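These notes concern the structure reproduced below.
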Amino acid sequence: MADVNTGGDGGHGRHQKKRAKKLPTRIDMTPMVDLGFLLLTFFMLTTTFSKPKVIELTPPVKTNDSTKIKDTLALTVVLSGNNKVYYYNGELKQDPDSNNINLTDFSDNGIRKVILARNSYVLNQLAPLDQQRQSQHMSDTVYDKAKQKIQGSKYALFVIIKTDSIAKYVNVVAMLDEMNICNVDKYALIDASKPEELMIEDYNHKHNIK
Amino acid sequence: MPKVKLPRSSPSIDMTPMVDLAFLLVTFFMLTTKFRPEEAVSVTIPFSVSQTKLPDNVTTISIDSSGRVFYDMDGKDTRIQLIQKISDNYSAQLGGKLSDQDIMRFSVMGAFGVPYAQLKQYIEANESERKTLNAQTKGIPIDSLPHDELADWVQYGYNLSLSDWYDKKAKNPEMLPPRFAVKADGNAKYEVVKKVIDICQKAGIQHFDLITSMKMKKN
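Below you can see the structure in the form of structure tokens.
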């Protein structure tokens, strides 16, 4: 298309003389190509395709009625400064000798292991479903519905995430992320109470943690 | 038999398809690019494995590592209405009503984090002046004493974008309701984030999107 009517360079040489009074209209396209690629490079480098990802959070509307959770299903996690995570099962025992409270971190062998161990009911129920989906015997919508039902079941683990006054935002996000990874759908995000702070202080004192 | 003479000509390649392709790509990138105003505040967002994308039509509240709060809302028309409301109701704090020119400037401005008292100055500032103001500001006040200014922005902004959504939904039923995103620095104290979320909850907002960047899931 660009080489419009060049008249032919080779084989038709003889015929050219007869009809070619027209000048060959060959346009040098190099500058245009240069410009084209310059613009292309510029827009490619400035475009950002990936939108940031989000964690959806729906905090409960504040009410005064409290729901009691079965001790065996409750896991309380207290986030503190320096990436420290304290946790205890069931109810807080305010007896310092009970060794109710424990300390862990955000590594794979840390809080995730604790949650996964406690969340075995959901994980066991989910395992066959995962298999079926992987072998493509189950559509995503069916899977999601079934998963939601299992995660919301009354035997599912309930995690209470508490934060003290020096907790960092990054730890809260990490914890919400763990909920996602460990298939925990039932969790609440609240402030640490005074007895918990005292027990943590006590724990730190006992184990010489600053 | 005479030898067949090979025609000597410069090897010319037809570049047309390449040019076509190049310009096709240029057009594509030109149309998909959306230029953003420079970020008023630098925030290092935490990682997560979440796959949910940030929706459109979103109000973003940024919190930097020292706990300063910045506000940003999508939509030029709603921004104009918002600043007009603020200008009418808080002219005393602003030091007089804002001019039409200020309102137009505000409508195309990105995130900001100045109290009412400095807002006029910030709107009228040029780019480099804004940079210094952004570095000096303490963010939008979130304490109820003397006055919780973020609550005003959130309340008015939410109401306006809601009514805007109702209007637009009549024409375009797939339009999503306005969302609130919290873009906080990982090192920000959770207390500040919680306070911001509380303020938003009081304004009637129930869902929040915590902006994170993607991390590959480890198996």
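Keeping their order, the protein sequence lines are chains B and D.
Counting with the working numbering, you get residues 2 to 211 for the letters of the first sequence.
Counting with the working numbering, you get residues 271 to 489 for the letters of the second sequence.
Using N, Cα and C, we set each Cβ at its ideal position, and we do this for glycine too.
Please read all numbers here as calculations on a predicted model, not as lab measurements.
- Minimum Cα-Cα distance from D:Asp468 among the listed residues D:Phe450, D:Ile481 and D:Phe317 corresponds to D:Phe450.
- Residues of the same chain with a CB within less than 6 angstroms of the CB of B:Phe159, apart from the 5 flanking positions on each side, are Ile70, Leu74, Ala75 and Lys187 in chain order.
- Listed in chain order, the non-local C-beta contacts of B:Tyr122 below 8 angstroms within the same chain comprise Ser154, Tyr156, Ala157 and Leu158, local neighbours out to five positions each way being set aside.
- A direct Cα-to-Cα measurement between B:Val62 and B:Asn83 gives close to 30 angstroms.
- Under the Cβ distance rule, D:Leu432 does not count among the residues neighbouring chain B, no pair being separated by less than 8 angstroms.
- Where D:Val289 is concerned, the enclosing alpha helix (DSSP H) starts and stops at Thr286 to Thr302.
- A Cβ-Cβ separation of about 11 angstroms leaves B:Val79 out of contact with B:Thr105 under the 8 angstroms criterion.
- For a Cβ distance threshold of 8 angstroms, residue set Lys54 of chain B lies close to D:Gln321, ordered along the chain.
- Going by DSSP, D:Tyr426 is part of the alpha helix (DSSP H) stretching over Glu419 to Lys441.
- Put simply, the CB of B:Ala175 is near chain D, with a gap under 8 angstroms to one of its CB atoms.
- A distance of 8 angstroms or more separates the beta carbons of D:Tyr386 and D:Gln406.
- Less than 8 angstroms divides the Cβ of B:Leu127 from the Cβ of B:Lys148.
- The alpha-carbon separation between D:Gln321 and D:Lys439 amounts to approximately 26 angstroms.
- Listed in chain order, the non-local C-beta contacts of D:Ile475 below 7 angstroms within the same chain comprise Tyr428 and Phe450, local neighbours out to five positions each way being set aside.
- Legend: CB atoms of the stretch 117-129 of chain B lying less than 8 angstroms from CB atoms of chain D are not found in any residue.
- Straight-line spacing of the CA atoms in D:Glu397 and D:Phe376 works out to 13 angstroms.
- In the structure shown, B:Thr48 falls within a coil segment according to DSSP collapsed to helix, strand and coil.
- Rounded to whole angstroms, D:Thr329 and D:Gly345 show a C-alpha spacing of 9 angstroms.
- Look at the stretch 166-195 of chain B: the residues with a C-beta under 9 angstroms from a C-beta of chain D are Ser166, Ile167, Ala168, Lys169, Tyr170, Val171, Asn172, Val173, Val174, Ala175, Leu177, Asp178, Asn181, Ile182, Leu190 and Asp192.
- Annotated three-state conformation of B:Asn103 is strand, per DSSP.
- With contacts defined by Cβ atoms closer than 8 angstroms, B:Glu198 and D:His477 do not form a contacting pair.
- The residue from D:Asp358, D:Asp455, D:Lys472 and D:Asp418 with its alpha-carbon nearest to that of D:Val384 is D:Asp418.
- The alpha carbon of D:Leu432 has as its nearest neighbour, out of D:Leu301, D:Gln471 and D:Asn327, the alpha carbon of D:Asn327.
- For the pair B:Lys54 and D:Pro316, the Cα-to-Cα distance works out to about 11 angstroms.
- The beta carbon of D:Tyr428 sits no closer than 8 angstroms to any beta carbon of chain B.
- Look at B:Ala157 here: in three-state DSSP terms it is coil, with no helix or strand label.
- Interface with chain D (8 angstroms Cβ-Cβ cutoff): B:Thr77 is excluded.
- Taken in chain order, the members of the stretch 31-44 of chain B whose beta-carbon sits within less than 7 angstroms of a beta-carbon on chain D are Met33, Val34, Gly37, Phe38, Leu40, Leu41 and Phe44.
- Per DSSP, the unbroken alpha helix (DSSP H) holding D:Val462 starts and ends at Tyr460 to Lys472.
- Separation of B:Asn184 and D:Ser483 (C-alpha to C-alpha, rounded to the nearest whole angstrom) is 20 angstroms.
- The beta carbon of D:Pro316 falls within 8 angstroms of a beta carbon belonging to chain B, placing the residue at that interface.
- For B:Pro60, the nearest beta carbon of chain D is closer than 8 angstroms to its own beta carbon.
- For B:Met139, no beta strand (DSSP E) run applies, since DSSP gives it neither H nor E.
- By the criterion of at least three beta-carbon pairs nearer than 8 angstroms, the stretch 189-206 of chain B is in contact with the stretch 92-102 of chain B.
- Leaving aside the five residues that flank D:Leu352 on each side, the residues in its chain whose CB is nearer than 6 angstroms to its CB run, in chain order, Tyr426, Gly427 and Leu430.
- Residue-level contact check: D:Leu295 touches chain B, since one or more beta carbons of chain B fall below 8 angstroms from its beta carbon.
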